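Chemist:
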Ligand SMILES: NC(=O)c1ccc[n+]([C@@H]2O[C@H](COP(=O)([O-])OP(=O)(O)OC[C@H]3O[C@@H](n4cnc5c(N)ncnc54)[C@H](OP(=O)(O)O)[C@@H]3O)[C@@H](O)[C@H]2O)c1
């Protein structure tokens, strides 16, 4: 099965840079009209310029951790394009710090943006997709949502939650609405420049955001529920359930090199 995305209307959160920008451009190349969501207007306009080489795009400025943003974005998409076929929940950030040093506000903010932001957008598009009897939702989680590593507690918790939510909804939303989840490993974006994210020496090479975008398009076209990028890192983490002791020893060794 290879579904065409031509003339689909797609909302992409966190489209002002990085993975979200790459996904928006990849979807536009497939013929999607896009709604680009983020807080930074200038950066969103830069994405819009890139996207409009291929298809129509509008920008919608807002913070995904506020439930009103999702409602406003969906209303704006309907006003401009009349439908919503695809939602990519990508907006998010990380904090790399020991739990003891993380404030409650930092942990709350991770959950509100990475997890609740995803919930708000799904809640907002669901009535539209139900009425259409069709739609696709892709949640950008992380390999950190499959396995806990040191100094990542709040971020890992937010992404474990996105994975659990996605898996439950996959069954609930069938057959009309498809929901998939992408788990990227380290990707070469500004993610690691955020305040509080100071991993200097990665044990693995970072991958381009365009690679995540390609896998997102494939997941939408072939309705693949789960994709790790790169796949081999997902396979290693999947071993955790069969060889948990070995997994923990491995993580202890690797974490010392960060
Ligand atoms: N890079 C990696 O290694 C990696 C690995 C696994 C998973 N991921 C996930 O991939 C997603 C994208 O990350 P990235 O690597 O592209 O990072 P990035 O370059 O820092 O981009 C993050 C995007 O999210 C938006 N964003 C963040 N908080 C937001 C909020 N409260 N409201 C609205 N938009 C918000 C930012 O836009 P504004 O600043 O304009 O609001 C930006 O467009 C995140 O969910 C991240 O957890 C990244």
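Numbering (this note's numbering), first residue to last: 2 to 259. Beta carbons are placed, not taken as given, at the ideal position from N, Cα and C, and that holds for glycine. No experiment lies behind these values; they were computed from the predicted model shown.
In this structure, does DSSP put residue 41 in helix, strand or coil?
Modeler: Residue 41 falls in the coil class under three-state DSSP.
Chemist: Measuring only from the beta carbon, is residue 18 closer than 7 Å to any heavy atom that is part of ligand 1?
Modeler: Indeed, a heavy atom of ligand 1 lies less than 7 Å from the Cβ.
Chemist: Taking the Cβ atom as the reference point for each residue, do residue 25 and residue 16 lie within a distance shorter than 8 Å?
Modeler: Yes.
Chemist: Measure the Cβ-Cβ separation of residue 138 and residue 88 and say whether it is below 8 Å.
Modeler: Yes. Within cutoff.
Chemist: Name the two residues that bound the continuous beta strand (DSSP E) containing residue 88.
Modeler: Residue 88 -> beta strand (DSSP E) spans 87-90.
Chemist: Looking at residue 185: is its Cβ nearer than 8 Å to the Cβ of residue 163?
Modeler: Contact: no.
Chemist: Just the C-alpha distance for residue 103 and residue 143, rounded to the nearest angstrom, thanks.
Modeler: Taking the straight line from one Cα to the other gives about 20 Å.
Chemist: Is DSSP giving residue 137 helix, strand or coil here?
Modeler: In this structure, residue 137 counts as strand in the three-state DSSP scheme.
Chemist: Our contact map puts residue 193 next to residue 159 with C-beta atoms below 8 Å; I'd like the distance itself, whole angstroms only.
Modeler: Incorrect: roughly 17 Å between the Cβ atoms, too far for contact.
Chemist: My output table needs one value for residue 34: the three-state DSSP class, helix, strand or coil.
Modeler: Reduced to three states, the DSSP call for residue 34 is strand.
Chemist: Which runs of the beta strand (DSSP E), 3 residues or longer, sit entirely within the region 186-253?
Modeler: The region 186-253 contains these whole beta strand (DSSP E) runs: 227-230.
Chemist: Which residues does DSSP list as the beta-bridge partners of residue 58?
Modeler: Bridge partners of residue 58: 35.
Chemist: Assign residue 181 to one of three DSSP states: helix, strand, or coil.
Modeler: Strand, per DSSP.
Chemist: Please determine, among 176, 57, 221 and 13, the residue with the shortest C-alpha to C-alpha distance to residue 122.
Modeler: Of 176, 57, 221 and 13, the residue nearest in Cα terms is 13.
Chemist: Does any heavy atom of ligand 1 sit closer than 7 Å to the C-beta of residue 141?
Modeler: Yes; taking the cut-off as 7 Å, the Cβ of residue 141 has a heavy atom of ligand 1 nearer than that.
Chemist: Between residue 162 and ligand 1, is there a pair consisting of the residue's CB and a ligand heavy atom that are separated by less than 7 Å?
Modeler: Checking every heavy atom of ligand 1 against the Cβ of residue 162, none is found closer than 7 Å.
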